[in-house]
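These notes are about the structure you will find just below.
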Amino acid sequence: MGANPFLGVIYHWIGGFASATNFIPFRGIKRWSWEIYWIIQGFAAWIVAPLILCSIFVPHPFAILAQTPHSVIAWTIFWGVLWGMGGITFGLSIRYLGLALGYAIALGFCTAFGTLLPPIVHGQLGAIAHERSGMVVLAGVGVCLLAIVVNGVAGYFKEHEVSRAELSQAGERDFNLWRGLAVAVFAGIMSSFFAVGLDAGKPIAELSRAQLVASGRLELWQNLPVLIVVLWGGFATNFIWSAILILRNHTGAQFFGQPGRNPLRSSAGSGYTVANLDPTDPALQKLPGSTLVANYFFAALAGVIWYFQFFFYSMGQTKMGKLDFSSWSLHMASIILFATLWGLVLKEWKGTSVRTKLLVTVGILLLIGSTVVVGAGNYLKTLETVPVQAAN
Numbered sequence: 149m150g151a152n153p154f155l156g157v158i159y160h161w162i163g164g165f166a167s168a169t170n171f172i173p174f175r176g177i178k179r180w181s182w183e184i185y186w187i188i189q190g191f192a193a194w195i196v197a198p199l200i201l202c203s204i205f206v207p208h209p210f211a212i213l214a215q216t217p218h219s220v221i222a223w224t225i226f227w228g229v230l231w232g233m234g235g236i237t238f239g240l241s242i243r244y245l246g247l248a249l250g251y252a253i254a255l256g257f258c259t260a261f262g263t264l265l266p267p268i269v270h271g272q273l274g275a276i277a278h279e280r281s282g283m284v285v286l287a288g289v290g291v292c293l294l295a296i297v298v299n300g301v302a303g304y305f306k307e308h309e310v311s312r313a314e315l316s317q318a319g320e321r322d323f324n325l326w327r328g329l330a331v332a333v334f335a336g337i338m339s340s341f342f343a344v345g346l347d348a349g350k351p352i353a354e355l356s357r358a359q360l361v362a363s364g365r366l367e368l369w370q371n372l373p374v375l376i377v378v379l380w381g382g383f384a385t386n387f388i389w390s391a392i393l394i395l396r397n398h399t400g401a402q403f404f405g406q407p408g409r410n411p412l413r414s415s416a417g418s419g420y421t422v423a424n425l426d427p428t429d430p431a432l433q434k435l436p437g438s439t440l441v442a443n444y445f446f447a448a449l450a451g452v453i454w455y456f457q458f459f460f461y462s463m464g465q466t467k468m469g470k471l472d473f474s475s476w477s478l479h480m481a482s483i484i485l486f487a488t489l490w491g492l493v494l495k496e497w498k499g500t501s502v503r504t505k506l507l508v509t510v511g512i513l514l515l516i517g518s519t520v521v522v523g524a525g526n527y528l529k530t531l532e533t534v535p536v537q538a539a540n
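Numbering-wise (the numbering used here), the sequence shown opens with residue 149 and increments by one.
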């Protein structure tokens with residue numbers, strides 16, 4: 149079908165909406181500890197959904213992986229493992245900073261490092277810094293870092309302007325700026341390794357494309373097998389950490405109905421207060437069957453929604469053609485925008501001053517602007533390579 153950048157942008161923004169929305173189902177979970185619903189959503193997001201959807205759209209995906217050099221599989225999984233560390237702490241950054249601010253800061257770092265890491269891995273950063281296009285890209289990264297500072301200042305003011313009761317009502321009872329900032333920085337840096345994993349998995353995509361063409365199917369799905377391998381690495385990290393927490397906190401019985409402490413806000417009408425949950429209360433020793441089923445449903449739903457961000461990302465990257473360099477920036481910008489909109493819907497900035505609201509608005513605009521600058525730098529790079537190619 150060929151490249152279609154307009155359609156590619158649409159796919160990227162659908163993926164961004166999915167990413168910004170995947171934490172919403174967590175708010176419907178009652179009386180489960182974080183590690184319980186996190187591993188359930190992870191199993192749905194990183195194992196079940198990728199295998200099912202890839203099997204539907206790509207013929208014989210495991211035959212493709214069997215043909216892939218072991219070194220490619222190993223490196224793709226390795227970068228997925230590092231990304232998985234970011235996935236773990238990304239959830240914590242949302243817990244401590246809220247949806248809008250957590251996404252803005254963590255994804256700000258993810259945008260910056262996701263842009264820089266591939267050339268660093270390939271040993272190209274020095275050369276890039278001496279090119280006109282590279283200078284523009286680095287300027288975009290600088291704007292991104294400035295945006296993170298602005299959003300951090302907005303978070304500082306929010307912490308001093310909004311009472312604990314108001315934060316709790318907005319689903320942010322664990323709001324902690326400095327802990328959240330530390331976690332978000334780490335989460336953003338480690339999450340950027342997903343871009344490196346996709347880059348390492350390009351040989352898998354090439355084999356997949358050949359298989360799709362031979363079968364008369366759309367090349368649009370060529371990156372789906374790559375996602376399977378990257379997400380194997382991410383699941384391994386998250387499974388190990390969740391298992392450690394389950395053993396340490398003795399929360400395994402919650403899989404079967406024992407109540408726990410949900411760090412995110414209980415859904416409206418749940419009958420539970422946000423602050424006064426006592427797992428030792430005899431009246432709360434066993435969750436009703438309907439509640440337990442609903443918890444599994446909401447956790448799995450969050451995982452499936454999460455996977456769709458990269459399902460559509462892979463489609464969008466395929467349709468961007470020569471503009472595929474802008475895929476990561478487009479993805480990050482769309483997530484930040486939709487997460488900000490969710491933050492407004494959930495009234496996360498209610499009770500803050502006009503100054504604070506103005507700061508967070510400026511910070512979001514700077515983040516989105518930084519992706520535009522990065523994209524412009526990459527476009528200049530394509531123009532700089534044309535004369536060289538023509539001369540050859």
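From the three backbone atoms N, C-alpha and C, an ideal C-beta is built for every residue, glycine too. Fair warning: this is a prediction, and the values are worked out from it, not measured in the lab.
Proximity to alanine 302 across Phe341, Ala330, Leu245 and Gly364 peaks at Leu245, based on C-alpha coordinates. The alpha-carbon separation between leucine 506 and valine 298 amounts to approximately 10 Å. Ranking Ala481, Asn443 and Thr509 by CA distance to the CA of leucine 492 puts Thr509 first.
The beta-carbon separation of threonine 385 and methionine 233, rounded to 6 Å, stays under the 8 Å limit for a contact. Judged by DSSP in its simplified three-state form, phenylalanine 171 adopts coil rather than helix or strand. By the criterion of a C-beta distance shorter than 7 Å, cysteine 258 is surrounded in its chain by Gly336, Ser339, Ser340 and Met480, once the five residues flanking it on both sides are discounted. In the three-state reduction of the DSSP assignment, glutamine 359 falls in the helix class. Counting every other CB atom within 10 Å of its CB across the protein chains shown gives phenylalanine 154 a total below 16, marking it as exposed. In this structure, serine 167 lies near tryptophan 454, with their beta-carbon atoms less than 8 Å apart.
Between leucine 449 and the set Val344, Ala192, Leu255 and Gly274, the nearest pair of CA atoms involves Ala192. For the 8 Å CB-CB criterion, proline 373 and cysteine 202 form a contact. Cβ neighbours of threonine 224 within its own chain (closer than 8 Å, five residues either side excluded): Gly345, Ala348, Gly349, Ile352, Val374, Val377, Val378 and Gly381. Bounds of the alpha helix (DSSP H) holding asparagine 443 are 437 to 467.
In the three-state reduction of the DSSP assignment, threonine 399 falls in the coil class, being assigned neither a helical nor a strand state. Boundaries of the alpha helix (DSSP H) harbouring glycine 228: 218 to 245, taken from the DSSP string. Within 10 angstroms of the beta-carbon of serine 477 lie 16 or more other beta-carbons, which makes it buried. CA-CA distance, glutamine 465 to serine 356, rounds to 15 Å. Taking a cut-off of 8 Å on C-beta distances, the region 198 to 212 touches the region 358 to 373, as three or more cross pairs fall below it.
Here DSSP, grouped into helix, strand and coil, assigns arginine 280 to helix. In the three-state scheme derived from DSSP, where H, G and I count as helix and E and B as strand, leucine 506 is classed as helix.
At least 8 Å separates the beta-carbon of leucine 329 from that of isoleucine 242. With three or more CB-CB distances shorter than 8 Å, the region 389 to 396 counts as touching the region 172 to 184. Between lysine 467 and tyrosine 159, the beta carbon gap of about 6 Å places them in contact (Cβ cut-off 8 Å).
One thing to note: tryptophan 369 has its Cβ no nearer than 8 Å to the Cβ of isoleucine 236.
Bounds of the alpha helix (DSSP H) holding leucine 329 are 325 to 339.
About 6 Å separates the beta carbons of valine 284 and valine 521, which is inside the 8 Å limit, making them a contact pair. Alanine 222 places its beta carbon 8 Å or farther from that of glycine 256. Excluding its 5 nearest sequence neighbours in each direction, valine 333 has C-beta neighbours in its own chain below 7 Å: Phe257, listed in chain order. Residue environment for tryptophan 326: exposed (fewer than 16 other C-beta atoms within 10 angstroms of its C-beta). Taking the Cα positions, alanine 362 is about 47 Å away from glycine 400. Taking a contact as a CB-CB distance under 8 Å, the pair leucine 293 and alanine 260 counts as one, their CB atoms being some 6 Å apart. Annotation for leucine 286: Ala277 place their beta carbon closer than 7 Å to its own, counting only its chain and skipping 5 residues before and after.
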